[in-house]
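Here is the structure we will look at.
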Amino acid sequence: MAEAIQQLVLDTLDKSGIIQDTRTLTLPGYTEPAASHDAQIIILGALNSLSSREMITYTTQETLSHVLTSEGSQIALQGSHEARVWAALPVKGEGAPLTPKQLEERVGSEAAKVGQGRAFKNKWIGKEGAGLVKTATSIEDTTQLEMREVDSSGTLKAGEKELAELRKRKLIVQRKGQWFTVHKGSAFSTSIEKPETDLTTEMLTTGSWKTATYKKYNFEAEGLQSNGGALHPLLKVREEIRNIFLEMGFAEMPTSCFVESGFWCFDALFVPQQHPAREVQDTFYLSDPATSLPPPAAYYSRVSKVHEHGGYGSTGYRAPWSDAESRKLLLRTHTTASSAAMLWKLAARCRGEDEDTSADEPAAHPGGATHGERKRDDGFRPAKLFSIDRVFRNETMDATHLAEFHQVEGVVADRGLTLADLIGFMRVFFKKMGIENLRFKPAYNPYTEPSLEIFAFHPQLRKWVEVGNSGMFRPEMLEPMGFPKDVHVHGWGISLERPTMIRYGINNIRTLVGHKVAIEAVEKSPAVRF
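Read in order, the letters of the sequence shown are residues 17 to 546 in the numbering used here.
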């Protein structure tokens, strides 16, 4: 049908040179008159298609008209309510008056209710006893005539005052209309064959491209506005925490290894091989491959010995050592596995090993000794390291737990560090995040002694909530690596998801991470500032 209307417009233009008013067209296959609103919408679609090919140009003229409501259409067919009330009543003195209830039964409750008042106002009816009778022998149903006039022409000759009254009575509604004046365009033709937009393989093969008509490219078209990228709230908070670490002189550890061995994830941290965290209910183990390559032999021997028999001032766990348990591959449960590997590399100088064997060794603390001085001391250099990355635990998922989350971890290695240094550092670190009201509670970790849980007062929840865990790494972990006895290491970790949820007012972690995350919410999330 669209092509038929386009052809009608082109043929009419070809004959007359101009179409002054599209309401005069007779649309093929369309029962409504061309002046109707729906018909003009169809014509507009055809004009836009032809205009895009520069075959025509057109201008738009807007009109205001009126159409009948459902009540107005009923009046145009059956008469107004007041006329129907008048017709139902007997002439005064020629019949028994009708009670209001009898009138409702004859004309309906709506017509009786509305029509009585207007009929009384027009002095068409009156009361006789308890009933109603006609007082006018004949009437002119002006309302019905107005409805018919509006239905045929869209307006009233009487004027705007009468139209306003009908709109107030909700018998008619105003509608905006439009019609078009059409002229020939620069590429006018009576053929509606669409120009080609692409050069196809078939056209090249058959040679039809030589005679084909092509659509012109509009090089000035701006195209659709593309949406820019948006950082997820987790990434915004991650970057803020990362900047805090860098501002405090920390170096970032490489943490791209999601799969670790039981040795680096647990054994090197002095976690006993019988610890509940190593059960399959808490840890994801790999089935293929199931075992890791062997760790450094000398270091492995020292770790296994301190676990099974003790050493470095410790009695150990006095439990049988299992090579198979140590070689199991798993998804890391904490980034402390990466911290252990980095500390082992940091201790390479202390063990007397060549620096070149530890290419990934972190940079020493600024102000370190010269190469000549290193030969005269034990080789240790202070270091501050941090990481922010993903870890995996076999958790039951709920509003605050997922099977994977992000851990923020930091370690400080230096001589003579004490628990007071750790508490002081934690206060400075959390103050930079905007958290100043802290409490510390003694805790137990297999690889730190002493250990502290960190609590902060949550002003919205009005209670103390745990925000991190910390401690000083045990000698059983550090000395097998080769660190001198006076070297101590602070370690602490916090979740990335928890401060993000607090910052953005999120109470269900599944609306922060996962398929329920609203893209619009990500795009509109504000930048975080601690």
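Ideal Cβ placement from N, Cα and C applies to all residues, glycine included.
Asked	Found
Val538 to Val424 span [Cα, whole Å]	22 angstroms
Residue range of the unbroken alpha helix (DSSP H) whose run includes Trp195	That residue, Trp195, is in no alpha helix (DSSP H); its beta strand (DSSP E) goes 188-200.
Proximity below 8 angstroms, CB of Thr352 to CB of Asp405	no
Cβ-based neighbour list, Arg258, same chain, cut-off 7 angstroms, excluding 5 preceding and 5 following	Ile404
Buried or exposed by the 16-neighbour rule on C-beta atoms within 10 Å, applied to Ser320	buried
DSSP beta-bridge partners of Gly484	Ile470
Gln297 (DSSP reduced to helix, strand or coil)	coil
Three-way DSSP call (helix, strand, coil) for Gly265 in this model	coil
C-alpha gap between Pro515 and Leu418, whole angstroms	15 angstroms
In chain order, each alpha helix (DSSP H) run of at least 4 residues that lies wholly inside the stretch 498-546	513-520, 535-540
Simplified DSSP state of Asp394, which is helix, strand or coil	coil
Glu209 versus Glu19 - alpha carbon distance	10 angstroms
Reduced DSSP secondary structure (H/G/I, E/B, other) of Tyr74	strand
Coarse secondary structure for Thr412, derived from DSSP in three states	coil
Identified DSSP bridge partners for Arg431	Val503
Residue span of the alpha helix (DSSP H) that contains Ser125, given as start and end	125-137
Exposed unless 16 or more other CB atoms sit within 10 angstroms - verdict on Phe445	buried
Per DSSP, cross-strand counterpart(s) of Gln423	Asp405, Ser511
DSSP three-state assignment for His53, whether helix, strand or coil	helix
Chain-order list of residues whose beta-carbon lies under 6 angstroms from that of Arg526 (same chain, five-residue window excluded)	Lys532
Cα-Cα separation between Glu513 and His422, rounded to whole angstroms	7 angstroms
Among Gln289, Ala228, Ala459, Arg519, the one whose alpha carbon lies nearest that of Pro336	Gln289
Nearest neighbour of Thr85, chosen from Arg191, Gly223, Lys540 [CA to CA]	Arg191
Nearest residue (CA-CA) to Leu179, options Ile72, Val83, Ser89, Glu276	Val83
Pro116 beta carbon less than 8 angstroms from that of Ala128	yes
Pairwise C-alpha distance: Arg431 and Ala385	Here the model assigns Ala385 a pLDDT of 41, short of 50, so the residue's position is not dependable, and the following value carries that caveat. Their backbone Cα atoms lie some 15 angstroms apart in a straight line.
Cβ neighbour criterion (16 or more within 10 Å) applied to Pro44	exposed
Segment contact, 8 angstroms Cβ cut-off, at least three pairs: the stretch 321-332 with the stretch 354-367	no
Unbroken beta strand (DSSP E) run spanning Pro458, endpoints	454-461
Residues of its chain near Gln36, where Cβ-Cβ distance is below 7 angstroms and the 5 sequence neighbours each way are ignored	Thr197
8 angstroms Cβ cutoff met for Trp102 and Ile58	no
Nearest to Gly368 (by Cα), restricted to the options Arg343, Leu345, Leu346, Asp394	Asp394
Nearest residue (CA-CA) to Gly450, options Pro475, Leu262, Leu435	Pro475
Straight-line Cα distance separating Phe279 from Glu492	14 angstroms
Sequence-distant residues of the same chain with beta carbon closer than 7 angstroms to Glu341, five excluded per side	Gly278, Gln289
Asn64 versus Glu165 - alpha carbon distance	33 angstroms
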